[in-house]
Structures are given as C-alpha cells and as structure tokens.
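Trainee: Chains as they are written, first to last, in the working numbering: chain F, 829 to 1041; chain R, 829 to 1041; chain U, 829 to 1041; chain C, 829 to 1041. Heads up, the beta-carbon is just placed ideally off N, CA and C, and yes, glycines get one too. Take this structure first; my questions come after.
4 protein chains.
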Amino acid sequence: MGIKQRKQREKERRKQEIMVAAKRVFSKKGYDRTKMEDIAREAELSPGTLYLYFKSKGELHASLNVRVLQFINIKLEHVINEPFDSFEQRQQALIKAMHDIYEFDAMVLNNVFHLQSSESLKKMSPELMDEINTLATRALRNLAGIFQVGIDDNQIVDVHPMALVDILWGLFSGIVMWEETKKTFKRKRYALNETFDTAFEIFIRGMRRDRSE
Amino acid sequence: MGIKQRKQREKERRKQEIMVAAKRVFSKKGYDRTKMEDIAREAELSPGTLYLYFKSKGELHASLNVRVLQFINIKLEHVINEPFDSFEQRQQALIKAMHDIYEFDAMVLNNVFHLQSSESLKKMSPELMDEINTLATRALRNLAGIFQVGIDDNQIVDVHPMALVDILWGLFSGIVMWEETKKTFKRKRYALNETFDTAFEIFIRGMRRDRSE
Amino acid sequence: MGIKQRKQREKERRKQEIMVAAKRVFSKKGYDRTKMEDIAREAELSPGTLYLYFKSKGELHASLNVRVLQFINIKLEHVINEPFDSFEQRQQALIKAMHDIYEFDAMVLNNVFHLQSSESLKKMSPELMDEINTLATRALRNLAGIFQVGIDDNQIVDVHPMALVDILWGLFSGIVMWEETKKTFKRKRYALNETFDTAFEIFIRGMRRDRSE
Amino acid sequence: MGIKQRKQREKERRKQEIMVAAKRVFSKKGYDRTKMEDIAREAELSPGTLYLYFKSKGELHASLNVRVLQFINIKLEHVINEPFDSFEQRQQALIKAMHDIYEFDAMVLNNVFHLQSSESLKKMSPELMDEINTLATRALRNLAGIFQVGIDDNQIVDVHPMALVDILWGLFSGIVMWEETKKTFKRKRYALNETFDTAFEIFIRGMRRDRSE
DNA sequence: GATGAATGAGTGTTCATTCAT
DNA sequence: GATGAATGAACACTCATTCAT
Chain F
829 MGIKQRKQRE KERRKQEIMV AAKRVFSKKG YDRTKMEDIA REAELSPGTL YLYFKSKGEL
889 HASLNVRVLQ FINIKLEHVI NEPFDSFEQR QQALIKAMHD IYEFDAMVLN NVFHLQSSES
949 LKKMSPELMD EINTLATRAL RNLAGIFQVG IDDNQIVDVH PMALVDILWG LFSGIVMWEE
1009 TKKTFKRKRY ALNETFDTAF EIFIRGMRRD RSE
Chain R
829 MGIKQRKQRE KERRKQEIMV AAKRVFSKKG YDRTKMEDIA REAELSPGTL YLYFKSKGEL
889 HASLNVRVLQ FINIKLEHVI NEPFDSFEQR QQALIKAMHD IYEFDAMVLN NVFHLQSSES
949 LKKMSPELMD EINTLATRAL RNLAGIFQVG IDDNQIVDVH PMALVDILWG LFSGIVMWEE
1009 TKKTFKRKRY ALNETFDTAF EIFIRGMRRD RSE
Chain U
829 MGIKQRKQRE KERRKQEIMV AAKRVFSKKG YDRTKMEDIA REAELSPGTL YLYFKSKGEL
889 HASLNVRVLQ FINIKLEHVI NEPFDSFEQR QQALIKAMHD IYEFDAMVLN NVFHLQSSES
949 LKKMSPELMD EINTLATRAL RNLAGIFQVG IDDNQIVDVH PMALVDILWG LFSGIVMWEE
1009 TKKTFKRKRY ALNETFDTAF EIFIRGMRRD RSE
Chain C
829 MGIKQRKQRE KERRKQEIMV AAKRVFSKKG YDRTKMEDIA REAELSPGTL YLYFKSKGEL
889 HASLNVRVLQ FINIKLEHVI NEPFDSFEQR QQALIKAMHD IYEFDAMVLN NVFHLQSSES
949 LKKMSPELMD EINTLATRAL RNLAGIFQVG IDDNQIVDVH PMALVDILWG LFSGIVMWEE
1009 TKKTFKRKRY ALNETFDTAF EIFIRGMRRD RSE
C-alpha cells in the first residue's frame, strides 16, 4: 500500500523543510542566538512541532552538520575516484568541489565550529555524535588522499598531507567567516568567489613542487 | 596632586585585570557561553564590580577587541616602518607579527566573529563601535600596505592587495579556529605552530612572482 | 433495529478498553506523570481517539473513580445484605471485600487522593462531580452501616461509626501507598497481603469490645 | 569577625523561609501542581532567587523531607531513650510523638509519597538521596525498636516488628491524607485529632497481648 | 568602591487538546 | 469513527543586570 510510503515521504519532506529553515536561521544568527521559536517561525510551524522531528535544538543543529558532511564526502569522493589526465586537473576538480560545498552551505563552518563547546555535545545522542565523527574523519581522509596523490606524483611539496588538509580547510572556512564578518560591518569589498579563486590559486602555486627543487 | 592620578592609574589597572580575566574565559568558552560570573570569579571580583568598569557584557567583550586591534596595528606598523633590506625580510617580519598576534590572543577571531550578530551590535555604544571600526580599517590598510610594497617591488603577484589581506586573514583565523575545533574532538594532530609555519610558507611561495613571469 | 444497539455496545466496550488501559498507566505513574499518549499506546489507539470517548484527561481519570466506587459499593452492599450467623463472620466478609477492592484497583487511592487539588476539579463536569460524590457518600455510609451493626450488637466499642470508617479507610489506603513507596526505595520487606492481614487483625482486635467492659 | 557569621545566619534564615513557603504550597497543591513561581510568590521572592538556595524544584522538595525525617527521628529517639515505668507509658509517648509529627508537617506523607516516581529521583543529587535514605531507615528502625521493647516485654503480640511499623505508618499517613481529601470534598466530619486518638487507641488495643494468650 | 543577593525577562521543552484527512 | 500531526500555553531554570549594604 502506497499510503504508508506517502506519509513517510511527507514526513521526510517536513523534516527537510525544518532543516532548511534551521540552516537559514543558524547561519544568520549562530547557534546560541537562534531560538527554537525563530526556526519555527521561519518554517511556518509552531515550536512544539520541531520536537516531533528533532529531539532537541542540539540534535537539529547536529543533523545539519551530518547533511553537510555527507555532501562534502560525496563531492570529495568524486574528485578521488574520477580518472584525470593530470594532477593539475584533479586539483581544479577539488577547487570546483570546494565551490560547490560553499554553495551548499556557506555556514558549514559555523556549524562545525559550534561543536567547540564540548558541553553542547553532552545532549547529543551518541549515535549522532558517532555519525558526525565518522563522516568528519572520512572527509579529512578524503582530502588527505587527494593530496597524497599529488605528493606521490611529485607534483606538490612533501609535507604531511594532513597538514595540507588543515591548511586548506582553515583557509576555506576562514575566508567564508571573514567575508561574513565583513558583511556585518558593511565593508565594501566582498567578492567571495573572486577571493576564493585567488586564494586557491595561491595555495596551489604555494604547494607546487618546483622543477628545480 | 598625585592622588587623582594614582586613583586613575589604579582604576585603569583594575580595568586591565578584568580584561585579562575576561580574555581567558571568552577564549575558552566563547562569548555566549561565558557568564559574567565566570569572569568575575576569574578576576577574583564580584559580578557587580564588573559593571563599575564596563557598561555591559557586550562592551567588555568589545573592549577586548579594541585591545587586540591596537596590538595588531602596533605590530603591523612596525613591519611597515622598519627599514628592511629585502621584501623577503619584511615578509618574515610579517609572519613573526602574526605569530605574536596569535600569542597575544589566539581567539581574536572568536572575538571578531562574534560580532556577526548585528543584533549584539545594538547594545554597543556608538563610540566603541566607531573605535573598533576605525582600528579594524587601519589594520586592514596596514596589511594591504605591506602587500603593496611587495607588488610595487615586483616581488609578489599583481593581485588587489585587499584580496591578499582577506586571504591572509582568513587563513590565519581559519587555522586557529580549526585547530581549536580539532582539540575538542580530540583528533591527534594539532601542532598549531607547525601548521602555521607551513601555511605561511605556502602562502608566501604562492604569492611570489616567478622570475619568468 | 439491533444495529444501533450493537453500535452502542461496541462504543461501550471501547470505552471500557480505554479505562482498563488508563487504570494500568495511572496506577503505575500517577495522574500527573501519565501522558494521554501513554494511555493511547497502552490501549493501542491514537491520542485523538481518547477524546472521542472522554472529554479530557481529568474526566477519564474521574470515570475510573466512578468505576471503583461502584465496585466498592457492590462489595460492601454484599457484606451488608448477606445474612451472617455472627458479627465475626460479617467482619471476615468485610476484610475479604477489602482484599477484593485492593485486587480490583490497588491505586484507588492514588486516584482518590489526586482529587486533592481543587483546581483539577474545575475542569470536571458537574454531573461527574456529583456522581462521584454520591457514590463516595454511599460507600462511606455502607461502611458505617456495617460498623453500626457491630456496635448495636455490642461487639465493638461504642465509637462514632464514621470515625471507624475514617480509620479503616485510612489504614487501608495508607498501607497500600506505603508499600508502593517502599517498592520504589527497594526496601526489602513488602509483603502487602501479609501486612494487610495483620493490620486488619489488629484493627478488629482493637475494636472488639471486651467482655469485661 | 561576626559579619560573616551574621551573613551565614541570614542566609540560613532565608533558606528556612523558602522551605516554609514551599511546605505550604506543596502541602496544598502537591508536587506536580506546584509551580516554582507559586513558591516564590508565597515566599515573597522572585523565582530566580529560589535557585540561589536550592538546585532544583526536586531538591527543594527533597530537603523538606530531610527536615521532617530529622524531626521524626528526634521525636522517636526521645521515646526510645527516655526511661519509662511501663510499656504503657512508652506507648503513650509514642502517640504523643506522632501527634507532634503531624503538627510539624501534616504533609510529610505527600512528600514521601511523591518520591514514588523514580523518575523524579534522577534529578536529585546522590548525597541528598543518600541522606534521605539513611534518615528514613533510621526512622523505621527507631519505630521497630520501640515495638521490640513491647514484644520482649510480653506486652504486645509477637509479630515481626517491621510489620507493626508498616501498619502504624500506613495508618498514620493514610488518615492524614484521607482527612485532606475529605476537606477538599467539604465533607463535614474532619476532626483529625479525635480520629487520630481513636485510631491509635484501637491500634494499641489491637496489638496488646491478652493476659490469657 | 566593592559586594553578592535579588531580580525577572527569556528560552528550551513538554503535553493536553484539536482538526484536517 | 479513527488518526496522528500540529498546536501553543505552560513551566523549570538561567543569567545579565541592579542596588541596598
């Protein structure tokens, strides 16, 4: 009988709607300043309804991270698995992937950074906690894998690939947050895409192993 | 009469003590999760006393930004004004300055990023707001100035210096926050200084204008 | 037409099913801690359905009291109306009745005691309120009647029979609740039936008029 | 310096004031229906203030139990330790003690019974939990000790003294609650003291070992 | 100036009740 | 009739801020 399935689908859709609303509000205000009521209003629901779909504010927030991390992994695994003629091309694909990730959820970072407070982790169900950890680990390994290819190929400097991961991720998220901050202060220059392009270009040039080296 | 001056000095010293305490707590817990009582305890004062020196939590926090921005400007202006034999040396001085800034207040960034919420700006006195804006603008101009020297000198690629500023600042703050996040998740690798060194090295290599170019 | 009657019977049966489920849950958790959803789950119905049969949680709860009070009255009226050879035998029948009442719904008491909050009475329909009052009065009169027989018969001390009623009822309900409490605290001794037997024995011996008196 | 001591005393007094207010409200409405705001209003304080003295609603409530249990133990230990010429006199002292306990806090029972919900125990600090358990155990042992004297003395029937404890306690608390219930229903007869006297008299007579036995 | 007890508005969460399907 | 998703009022608890001492 398709009825159950339809109900199931509608339930899932509602959950997604809430997540979309939550993403918007969390992105704008940050975790602490976002009230459940804000999210409810954004989703055109009442506060109580949110709790039919998510156990708590923390869990709702965490589930956004899951979504983003899944997206990130999908994108990175594309970059890894696709055959490229040159490392150069793979690098371009990586940059494209980072752009996509940015488009998908600019505030990944806010999300991820919020987790800093280990207190907020207390309320999270261990399963969710585990899932996030697993996904995050996989994402970092994926990135490291891409760099390892370049190192093995003598294309980029011989640095611990995890260091490169840290730098790329820091660069990426740092720029996003910095552009956000600038917006608030109404500074003129915020050309995120251009900044990204230049940043990645510099990063890639900086990693490149000189022929003479 | 020196009495007034002594009083003044003591008041200033007390204010500094509170700021030091506040910095420690804000750095550890972030703005929202820091209670005034936490700061009071750290400063070995009572909560009420904080309000003799700062109008509000927001203002206390903002004043930390002022301090950091002042520090940043001093450091950057050293880099600008000191005569160096080569741009290479100036670059090394800049990196050193960034290290110093990091030592001075790793969480500058948290601080600065917190300002995202434009609502929290409402409570800030316009003077303080102005001061921060002025200092921030000066800091960014200072950084841009340093890069301009390199551009004029044909040492680094011809990119809008403000873009380089955004990238350097994003890189810097992004790495700090990312390392903080990693700590929470107890991931093994967090060697902030090494990561910094590698990151700046890559950044500098990436900016460097090839002789052949 | 029997259709209406069948419908009527089915409706009544459904109502009874709900009450049975409700009794179980109320007994286990107490009034306030019982959620309508708990009862619905126990009855294998949806929450909304409960409201087709009962106007509110309070009314559902009250209707349980009605049922218990009816049961009590039936039992007590047996004890009154049955002819016994001696008061002694009637007394034994009373004790048996109390056992039966306990078996029927140990938590009568919880139920009855819950009514303490006069606020909760506000929501109850006056008819239900009246019915409970009438039934309770009848139950107390029935008990008093039994004692009056003993007094008239010179078998038990000459005390206002209502006082004896209060004592018996207090003794009965107090022991039930106390044993419940002990369970929670995992104290070893909870042998409710034995305690009951001993308690009633003492009560009867204590009421017994000495031959010499 | 006496200042600290005075502050300490005032703090203790305030705590007592809150407990008195809480006792009144809990007694009238029961645990669940009592809002912290009610207690605050009764104590002429704001809700927040209650939390300066008690960690939670549950802990405030539990601390009332502690107070009552302490009082009970003091009273019972008097009955045990005082030398009496006859068991008869000791019994009278026990009855007097029960009266005193009733005067001190009629709702002991409500308090104690509320603990039924093991869920509410979760929030209680283990220390408090322990304290209550210890005090309650001591109270029960004290009561049992008194009965043991009577048994050893051949004054009362040879029943497990703990059974007598259960019965006495059930009788006592049951009558109190029953009288409370009657009040709500505005039944005429509520002469608690008389009922108590009669109840204890019956209980004692019922326990008494016949000379002929 | 310094204190710290008191305040009370604000927020996450629960749950009796409703109502569109 | 039955459902169960949605509602929204209610309530425990927090914490920036104030003010009597």
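1. Evaluate contact between the region 995-1005 of chain R and the region 980-1000 of chain F, counting only Cβ atoms and requiring at least three cross-stretch pairs below 8 Å.
2. In chain order, what residues of the same chain have a beta carbon less than 8 Å from the beta carbon of Glu-865/F, not counting five sequence neighbours either side?
3. In chain order, what residues of the region 997-1011 of chain R put their CB closer than 9 Å to some CB of chain F?
4. Take Asp-933/R as the anchor and find which of Ile-1030/R, Met-1005/R, Gln-833/R has the nearest alpha-carbon.
5. Out of Ile-1003/R, Val-894/R, Arg-841/R, Lys-843/R, which has the shortest C-alpha to C-alpha gap to Phe-1024/R?
6. Which residues does DSSP list as the beta-bridge partners of Arg-1036/U?
7. From this set, Asn-970/U, Ser-855/U, His-988/U, which residue's C-alpha is nearest Ala-1027/C's C-alpha?
8. Tell me where the alpha helix (DSSP H) around Gly-858/U begins and ends.
9. Kindly confirm or deny that the region 851-863 of chain F and the region 888-906 of chain F touch, where touching means at least three C-beta pairs closer than 8 Å.
10. Only counting the same chain, and skipping five residues up and downstream in sequence, which positions put a Cβ closer than 7 Å to that of Ile-960/C?
11. Does the beta-carbon distance from Val-985/U to Ala-972/U come in below 8 Å?
12. Using the Cα positions of Lys-832/F and Glu-931/R, report the straight-line distance between them to the nearest angstrom.
13. Assuming Leu-888/R and Phe-882/R form a contact by the criterion Cβ under 8 Å, report the distance between their Cβ atoms to the nearest whole angstrom.
14. Just mark Glu-1008/C as buried or exposed, buried being the case when its beta carbon has 16 or more other beta carbons within 10 Å.
15. Identify the contact partners of Phe-1031/R in chain F, using a Cβ-Cβ distance below 7 Å as the criterion.
16. In this structure, does DSSP put Asp-933/F in helix, strand or coil?
17. Quick one: Cα of Thr-862/C to Cα of Thr-862/U, how far?
18. Nearest CA to the CA of Ile-900/C: which residue from Asn-909/C, Asp-928/C, Glu-910/C?
19. Tell me where the alpha helix (DSSP H) around Lys-903/F begins and ends.
20. Answer with yes or no whether the minimum CB distance from Ala-925/F to chain R is below 8 Å.
21. Name the chain C residues whose beta carbon is nearer than 7 Å to that of Ala-775/U?
22. Please classify Gln-919/U: is it buried, with 16 or more other beta-carbons within 10 angstroms of its beta-carbon, or exposed?
23. Which residue comes first and which comes last in the alpha helix (DSSP H) that contains Leu-873/F?
24. Counting only beta-carbon separations shorter than 8 Å, does Asp-860/F have a partner in chain R?
25. For Val-977/U, which option in Arg-834/U, Glu-916/U, Thr-877/U, Gly-858/U has the closest C-alpha, if you only look at C-alpha atoms?
26. What does a CB cutoff of less than 7 Å around Arg-1037/C pick up in its chain, not counting 5 residues either side in sequence?
27. Could you name the residues of the same chain whose beta carbon sits closer than 7 Å to that of Val-907/U, not counting the 5 residues immediately before and after it, in chain order?
28. By the 10 Å Cβ neighbour count, where 16 or more other Cβ atoms means buried, how is Phe-1031/C classified, buried or exposed?
29. Beta-carbon within less than 7 Å of Glu-845/U's beta-carbon, same chain only, minus the 5 sequence neighbours each way: which residues are those?
30. Is there a Cβ from chain F that is less than 8 Å from the Cβ of Ile-867/R?
31. Does Asp-994/R have its Cβ less than 8 Å from a Cβ in chain F?
32. In this structure, how does DSSP classify Asp-913/F when only helix, strand and coil are distinguished?
33. What do you get for Lys-1011/F, buried or exposed, if any count of 16 or more other CB atoms within 10 angstroms of its CB means buried?
34. Buried or exposed: where does Asn-909/C fall if 16 or more other Cβ atoms within 10 Å of its Cβ makes it buried?
35. Any beta carbon of chain F sitting closer than 8 Å to that of Ala-921/R?
Mentor: Let me lay it out:
1. yes
2. Pro-875
3. Trp-997, Gly-998, Leu-999, Phe-1000, Ser-1001, Gly-1002, Ile-1003, Val-1004, Met-1005, Trp-1006, Glu-1007, Glu-1008, Thr-1009, Lys-1010, Lys-1011
4. Met-1005/R
5. Ile-1003/R
6. For Arg-1036/U, which the question treats as bridged, DSSP gives the partners Ile-984/U.
7. His-988/U
8. That residue, Gly-858/U, is in no alpha helix (DSSP H); it is neither H nor E in DSSP.
9. yes
10. Ala-890, Asn-893, Val-894, Leu-897
11. In this structure, Ala-972/U does not lie closer than 8 Å to Val-985/U by Cβ.
12. 59 Å
13. About 4 Å separates the Cβ atoms of Leu-888/R and Phe-882/R, confirming a contact at the 8 Å cut-off.
14. buried
15. Ile-1030, Gly-1034
16. coil
17. 17 Å
18. Asp-928/C
19. Per DSSP, the continuous alpha helix (DSSP H) segment holding Lys-903/F begins and ends at 885-909.
20. no
21. The displayed coordinates of chain U run from 829 to 1041. Any statement about residue 775/U would go beyond what the structure contains.
22. buried
23. Note, Leu-873/F: premise wrong, no alpha helix (DSSP H); not H, not E.
24. yes
25. Glu-916/U
26. Answer for Arg-1037/C: Asn-982, Gln-983, Ile-984, Val-985, listed in chain order.
27. Arg-918, Ala-921, Leu-922, Ala-925, Ile-974
28. buried
29. Non-local beta-carbon contacts of Glu-845/U in its own chain, meaning distances under 7 Å to residues more than five positions away in sequence, involve Ala-871 in chain order.
30. no
31. yes
32. coil
33. exposed
34. By the C-beta density criterion, Asn-909/C is exposed, having fewer than 16 other C-beta atoms within 10 angstroms.
35. no
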